[in-house]
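**Q**
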Amino acid sequence: MTPRLTPTGLIAEDEPLLAAALQADLAAVWPELRVLATVGDGHSAVRRALELQPDVLFLDIRMPGHTGLQAAAELADAWPEHGSRPFPQLVFVTAYDQYAVAAFEAQAVDYILKPVQRERLKKTAHKLASALAQQAQSATQSNKPTVTPAPPAPSPTSTAPTPALLAQLSALLAQAGADLAPQATHNPAPTRLTLIQASHTGAQGSALVMVPVAEVLYFEAADKYVRVICPTREVLIRTPLKDLLPQLDAQQFWQIHRGTVVRAETIARATRDEAGKLWVHLHTQPDQPPHRLPVSRLYAHLFRAM
């Protein structure tokens, strides 16, 4: 991991005028920062961040395709474990102050409210510059040669996001499930789903199939549908996973990947393969095929011994 002499950044903002204004403000308060690119949607933010590997990523919360939070989560999953650059410092830019909550106070990420104020941006720039300086100092010290006989080579320094950051992103995503689609304060909390209604087309024509939620092993996003997997059957529904999640009991159903939600009591064990990837294995009957599902970095903290 080689420190850069000049800090670099990437801006993800879907409104060109706001993106240009943010870049101009950054040039005024942090002239050392070199903005590598500006993109207008979450998918492009992930792709370009993986290509350019910037030191800092400024993410608008609301963007087409992926939100800024979803883009950060996908990037956290895809970032190289032992690459040449550490995971970027994250700054979320939002017009909605409900995101200025405890999840940000762990200081793993920062946020800026729109309209961006230069004084507030200057504080963020100082914080980022300090974090990058500490990062560079740690990398320099770890690269210093030693005159004593070298011990066995340690495993390469991880450049993946830290567990604290992953847990923080997970908490923010859970909050966003309720907050990204603002509701009036008098609206009641969503009713817990107990029955899945799915259409089924077969030899006898079309029918409405009722699936008790208590029978579901897991939900899995698949193109425009969500697969509802039960021990003896599978149905498809059109409700997106992000809309389904708020209707499920979070104690009973755990999100383990951006496209997978599993009923916790069906999990038999969690294992890591030789590459370090985490998998969960579900309870199944002897005459049924085994179910093994991947767990993303973002949700690995769910599987730590008590």
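Going by the working numbering, the first residue of the sequence shown is number 1, and it counts up by one from there. Using N, Cα and C, we set each Cβ at its ideal position, and we do this for glycine too. Predicted model only: the values in this text are computed from it and were never measured.
(1) Output yes or no for whether 8 Å exceeds the beta carbon distance between Trp-279 and Pro-289.
(2) I need the boundaries of the alpha helix (DSSP H) containing Ala-281, first residue and last residue.
(3) Would Phe-87 and Val-109 qualify as a contact pair, given that the criterion is a beta-carbon distance under 8 Å?
(4) Tell me the rounded alpha-carbon separation between Pro-64 and Thr-124.
(5) Among Asp-60, Gly-68 and Asp-55, whose alpha-carbon lies nearest the alpha-carbon of Ser-84?
(6) Rounded to whole angstroms, what is the Cα-Cα separation between Ala-133 and Val-226?
(7) Arg-227 bridges to which residues according to DSSP?
(8) What span of residues does the beta strand (DSSP E) with Gly-9 cover, start to end?
(9) Starting from the C-beta of Cys-230, find all residues in its chain whose C-beta is less than 7 Å away, skip the five residues before and the five after it, and write them out in chain order.
(10) With three or more C-beta pairs closer than 8 Å as the rule, is the segment 233 to 242 touching the segment 262 to 278?
(11) Tell me the rounded alpha-carbon separation between Val-316 and Ala-24.
(12) Looking at Arg-304 and Ala-73, is the spacing between their C-beta atoms short of 8 Å?
(13) On a CA-only basis, which of Leu-193, Asp-14, Gln-285 and Thr-260 is nearest Asp-223? Give me that one, please.
(14) Does the segment 113 to 130 touch the segment 192 to 200, meaning 3 or more C-beta pairs lie closer than 8 Å?
(15) Ala-153: buried (16+ other C-beta within 10 angstroms of its C-beta) or exposed?
(16) CB-CB under 7 Å to Thr-6, same chain, minus the five flanking residues each way: which ones, in chain order?
(17) For Ala-106 and Thr-162, I'd like the C-alpha separation in whole angstroms.
(18) For Arg-118 and Ala-28, which I take to be in contact (beta-carbon distance under 8 Å), what is that distance rounded to the nearest angstrom?
(19) Which runs of the alpha helix (DSSP H) fall wholly inside the segment 31 to 118 and span at least 4 residues, in chain order?
(20) Specify the secondary structure class of Ser-206 as computed by DSSP and reduced to three states.
(21) Would you list the one or two residues that DSSP bridges to Ile-256?
(22) Pick helix, strand or coil for Leu-126, following the three-state DSSP scheme.
(23) Figure out for me which residue from Val-262, Arg-48, Pro-286 and Ala-300 has the closest Cα to the Cα of Lys-277.
(24) Can you list, in chain order, the residues of its chain with a C-beta nearer than 7 Å to that of Ala-37? Leave out the 5 residues immediately preceding and following it.
(25) Determine the extent of the alpha helix (DSSP H) in which Ala-28 is found, giving its start and end residues.
(26) Can you name the start and end residues of the beta strand (DSSP E) that Leu-248 belongs to?
**A** On the basis of the data shown:
(1) no
(2) Before going on, a small fix: residue 281 reads as His here, not Ala. For His-281, there is no enclosing alpha helix (DSSP H); the residue is part of the beta strand (DSSP E) that begins and ends at 278 to 282.
(3) Annotated as distal: Phe-87 and Val-109, with beta-carbon spacing of 8 Å or more.
(4) When the Cα atoms are used, Pro-64 and Thr-124 turn out to be separated by approximately 25 Å.
(5) Asp-55
(6) Separation of Ala-133 and Val-226 (C-alpha to C-alpha, rounded to the nearest whole angstrom) is 45 Å.
(7) Glu-220 and Leu-236
(8) 8 to 12
(9) Cβ within range, chain order: Val-211, Glu-215, Val-216 and Leu-217.
(10) no
(11) The first residue shown for the chain is 1 and the last is 306, placing residue 316 beyond what the model contains.
(12) no
(13) Thr-260
(14) no
(15) At Ala-153, the pLDDT of 45 sits below 50, so the modelled position is not reliable; the number obtained from the coordinates is stated separately. That one is exposed.
(16) Glu-32 and Arg-34
(17) Legend: pLDDT at Ala-106 = 49, less than 50; position of this residue unreliable, no value from coordinates given.
(18) 7 Å
(19) 42 to 52 and 68 to 78
(20) If DSSP states are grouped into helix, strand and coil, Ser-206 belongs with the strands.
(21) Ile-256 is not bridged to any residue.
(22) At residue 126 the sequence reads His, which differs from the Leu that was named. Note: His-126 maps to helix in three-state DSSP.
(23) Ala-300
(24) Leu-10, Arg-48 and Leu-52
(25) 16 to 29
(26) Looking at the DSSP string, Leu-248 is not in any beta strand (DSSP E), and its letter there is neither H nor E.
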